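Asker: Letter by letter, the sequence shown follows residues -3 to 135 of the working numbering. Quick one: the structure is below, and I'll ask about it shortly.
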Amino acid sequence: AAVHGTGLDARAQQQVAASAVHLLARTDLQALFGLESLAEVPVSGEITLPDGRAVAVAGRIDRLAVDGGTVWIADYKSGQGPASPGQVRPSTLSQIAVYHALVQEVYRGHEVRSLVVYLGNGAVIEPGPALREAALGAA
-3 AAVHGTGLDA RAQQQVAASA VHLLARTDLQ ALFGLESLAE VPVSGEITLP DGRAVAVAGR
57 IDRLAVDGGT VWIADYKSGQ GPASPGQVRP STLSQIAVYH ALVQEVYRGH EVRSLVVYLG
117 NGAVIEPGPA LREAALGAA
């Protein structure tokens, strides 16, 4: 219930709302919130893990946008974001790594930017290739 705001106290609700307004105002994230962006995008397919195994995966991307040659994907989290990409929870890294791999297969030739957006404090983390690869390797 807390994910949807009903379990949050008034202070926490205000903090999430302020973070959301701040995120919407960020010019570097405008593609994610533009008219051409999509919410709750179901994805499924097969990805290849670093050890060469192919696995079928499925999920739902919170936000997806194509802006020129760049595809943006964002996964929202309701809590406080960490100070660095290396502190993102392993399960979150695995999730964003899977989404990144699936989207990269669909949008070949595009740059794919994968973000974890924390609504609790407005933190935006973009795990790099090494973190995504390690997360897939741990799967």
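The C-beta atom is built at its ideal place from N, Cα and C for all residues, glycine as well. Bear in mind the structure is a predicted one, so any value in this text is a computation, not a measurement.
#1: Should G64 and Y114 be called a contact, given that it needs their Cβ atoms to be closer than 8 Å?
#2: Between R85 and L31, what straight-line distance do the alpha-carbon atoms span, to the nearest angstrom?
#3: Are the beta-carbon atoms belonging to T44 and E107 less than 8 Å from one another?
#4: Smallest Cα separation from Y72: which of S110, A8, D5?
#5: My guess is that A97 and L132 are in contact by the Cβ rule of under 8 Å, so how many angstroms apart are they, rounded?
#6: Can you tell me where the beta strand (DSSP E) holding Y138 begins and where it ends?
Answerer: So, from the listed chains and residues:
#1: No, they are not a contact pair.
#2: Rounded to whole angstroms, R85 to L31 spans 31 Å at the Cα level.
#3: Their beta carbons are not under 8 Å apart, which means T44 does not touch E107 by this criterion.
#4: Of the listed residues, the one whose Cα sits closest to Y72 is S110.
#5: That belief holds up - the Cβ atoms of A97 and L132 are roughly 7 Å apart, short of 8 Å.
#6: Look at the range of the chain in this structure, -3 to 135, and you will see that residue 138 is not part of it.
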